[in-house]
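This report concerns only the one structure given below.
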Amino acid sequence: MKNNKFTPSLIAAGLALSSFTALADDDRYIIQVDNNAKGIVKALAKQSGAEIHVDADGFIAATFSGKSLSDVKGLLNNPHVKLVEADLKRVPMALFNDDAGDPTQTQLTPYAVYQSQADQVVFDSNAGMKVCVIDSGLDSSNADFNWSAITGDNDVGTGNWFENGGPHGTHVAGTIGAADNGFGVVGMAPGVDMHIIKVFNASGWGYSSDLAQAAQLCSQAGANIINMSLGGGGANSTEENAFKNFVAAGGLVVAAAGNDGNSVRSYPAGYSSVMMIGANDADNNIADFSQYPSCSSGRGKRVTTDETICVEVTAGGVDTLSTYPAGGASLSAMSADGVGFASSAMENTGTVSAATYFLGLGDAVDTGAAGKVCVIDRGSVSFYDKVNNCELSGGVGAVIINNEPGMLYGTLGDTNNTSIPAVGAAFEDRSALVAASTIDISIGASDYGYMSGTSMATPAVAGIAALVWSNHPTCTGEEIRSALKATAMDAGAAGKDDFFGYGIAQAADMNAYLTQNGCAGGNGGGDNGGGDNGGGDTGGTGDLTLTATGYKVKGTQRVDLSWADAMSSNVDIYRNGSVIATTANDGAYTDALSSKGGATYSYQVCEAGTTTCSASVSVVF
């Protein structure tokens, strides 16, 4: 296994997960070592021509130019070396869109705050919550933060944590904790303490060893939550162990599922200790880019089901408004007859105020538009052709209206040579815009802008967790994780699914759930709308192990059973001492109960017709 990079993706199509050959990216490897003998191993590595990049507790990461994994193992054949493995590529999980809105005039609340009920819960700033943001830094030029509550660390070669390595980290941090201060935007947990760790280098990537060291720094900084809006292909034990240790100490780790719109499992989100977050849009639909890995792993008789290796909850991550480095975004503002309307900047900058002219589909020059703002319907020809025809007609600005519900986001292409300001508008506003006498358009640089991606959904969940946890500070991270799932709003197919997990995170329902049930209110999945939740347990006799997870669907009890190491073709499922089903030994079964009230159920799985069984496990509703 080799040492591969992670990078911030700036491409609108999403991120492709890398496949790895016998030679690591940049020939970087992680070497796990005894701390007391680290100097010996470092000296041996340097003698072998290595360049050391990371020196952390229990491991180092180094480049061995032109060397394969087996080569490096041979070079470092030393009793103080515990393991040599790949340093894997990790990338920010974000898609960039054109910008819309005008937060310079007033404080705006992003749609995900309302959607997740975060506006219904008050953040307790005295509870000591701290979120550690591992990303591209938080730019100090943006004033929409409680800077007295923010600290940070730099990774080797990344520069100051308070200077951006691209806008990604600043956008992520704003979603978590932008201040409630009357301007800009407001975060899920306004003003929450944050510790910023800048891991992206000048080329826009980092490594799994950087994340492992960052987890140690987050712990040293006293963080409760780690947010990672990043990921990539492949797993390694150094990275995995770092997050296991953070969670074992009582923390919560959330990471982005990925943006390729497929069923590939990315990391670090794919580790059991890390909560995988998917993205939905403002209409409670799954984002088309949000990855949806299966909760099953293994093959044949070794197939197991584990809800901690797939999407657990989602949050708003499509066209998410948040903070940017000062002047780093392009912002549009539009009003018609003095009434403000949402818009998205397409191209060009400038300010214009003029009478309107309806140019239809904008597929031809029309001199009637001279000196006016063209109002144009989407369709027939490209956005560029529409704006170009408006400008050739003498138009001074262009508004292109979507032909389907929602805002129109678009550009005029790489060869754009128009100069008039052009914006997109929502289909829902068509009647008002077509009927308007005058339209004002302004497009200019801004400290606020929009991004899309599971990168945007992940800090929403981190912020929700900090918000609710601040009101229940005695809970552990795992209890907060369980409560997020127990109270998620069901979306998509009924019940838990691979796309939404348990559903869209709900702050107010989660807060009420913990108030009613306490921190240990349940270990299982969600009832998809609030209320009592079934606990879970794991047991085993010999090699046959069983896990039972209780939850509710529209108030009706369900129990998911998963088992491993049964050797028969079929298994018997027991509930409270009686066989309820004989089913194929495929590792999973759902018991759909008709009950809705409180109850305790005991389960066993046995090889069919035998007394070779798992231990009994109980689920409490």
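Take 1052 as the starting number for the sequence shown in our numbering and just add one per residue. Think of the CB as a built atom: it goes at the ideal place given N, C-alpha and C, for glycine as much as any other residue. Note that this is a predicted model, so its numbers are computed, not measured.
Contact check for Phe1115 against Ala1263 fails: the beta carbons are separated by 8 Å or more.
Using a C-beta cut-off of 8 Å, the stretch 1209-1223 makes no contact with the stretch 1528-1542, since fewer than three inter-stretch Cβ pairs fall below that distance.
By the neighbour-count criterion, in which a residue is buried when 16 or more other Cβ atoms sit within 10 angstroms of its Cβ, Asp1465 is exposed. If you look at Lys1603, you'll find it in the beta strand (DSSP E) that goes 1595-1604. Residue environment for Pro1456: exposed (fewer than 16 other C-beta atoms within 10 angstroms of its C-beta). Counting of Cβ neighbours within 10 angstroms places Thr1633 among the exposed residues, the total staying below 16.
Short of 6 Å from the beta carbon of Asp1414, and not among the five residues preceding or following it, lie these beta carbons of its own chain, in chain order: Ser1431, Val1432.
In this structure, Ile1185 keeps its C-beta atom at 8 Å or more from the C-beta atom of Ile1091. Taking a cut-off of 8 Å for Cβ pairs, the stretch 1496-1504 and the stretch 1342-1355 do not touch, as fewer than three such pairs fall below it. Sorting Asn1197, Ser1167, Val1207, Gln1158 by C-alpha distance to the C-alpha of Ile1103 places Val1207 at the top. Assigned with DSSP and collapsed to three states, Asn1440 falls in helix. About 5 Å separates the beta carbon of Val1622 from that of Val1656, a gap short enough to meet the 8 Å contact definition. For Ser1629, no alpha helix (DSSP H) encloses it; the enclosing beta strand (DSSP E) starts and ends at 1629-1635. For Lys1133, the closest alpha carbon among the candidates Ala1101, Val1105, Lys1089 is that of Lys1089. Residue environment: Tyr1435 is assigned as buried (16 or more neighbouring CB atoms within 10 Å of its CB, all protein chains considered). Sequence-distant Cβ neighbours of Ala1421 in its own chain, meaning closer than 8 Å and more than five residues away, are Ser1444, Gly1445, Gly1446. Cβ atoms of Asn1275 and Trp1520 come within 8 Å of each other, at about 7 Å. In the assembly as shown, Met1458 is a buried residue. Its beta-carbon has 16 or more other beta-carbons within 10 Å. Here the stretch 1391-1408 makes no contact with the stretch 1238-1250; the two share fewer than three CB pairs at distances below 8 Å. Around the CB of Ser1314, fewer than 16 other CB atoms lie within 10 Å, so the residue is classed as exposed. Contact between Gly1378 and Ala1272 does not hold, since the beta-carbon distance rounds to 30 Å and is not under 8 Å. Pro1524 has its alpha-carbon roughly 14 Å from the corresponding atom of Ile1515.
Trp1614: member of the beta strand (DSSP E) spanning 1607-1615, first to last residue. Judged by DSSP in its simplified three-state form, Ala1306 adopts strand. With respect to the 8 Å criterion, Ile1247 and Gly1188 are classified as neighbours on the basis of their beta carbons. Look at the beta carbons and you see the stretch 1358-1365 touching the stretch 1542-1558: at least three pairs across the two are nearer than 8 Å.
DSSP places His1246 inside the beta strand (DSSP E), whose first and last residues are 1244-1249.
Per DSSP, the beta-bridge partners of Ile1276 are Val1182, Leu1303. Separation of the CB atoms of Cys1425 and Leu1412 is rounded to 11 Å, and the pair is thereby denied contact status at 8 Å. Here the C-alpha atom of Ile1337 lies approximately 32 Å from the C-alpha atom of Ala1635. Remark: three or more beta-carbon pairs, one from each stretch, lie closer than 8 Å, so the stretch 1226-1240 and the stretch 1156-1174 are flagged as touching. Every beta strand (DSSP E) stretch that sits fully inside the stretch 1297-1374 and reaches 3 residues is listed by chain position as 1303-1307, 1326-1331, 1362-1367, 1371-1374. DSSP, reduced to helix, strand and coil, places Tyr1564 within a helical segment of the structure shown. For Gln1083, the uninterrupted beta strand (DSSP E) run begins and ends at 1079-1084, by DSSP.
Excluding five sequence positions before and after Ser1394, the CB atoms of its chain that fall closer than 6 Å to its own CB belong to Ala1151, Ser1383, Met1385, Val1474, Ala1476, given in chain order. Ranked by Cα distance from Gln1267, the options Gly1312, Asp1195, Ala1107, Thr1663 are led by Ala1107.
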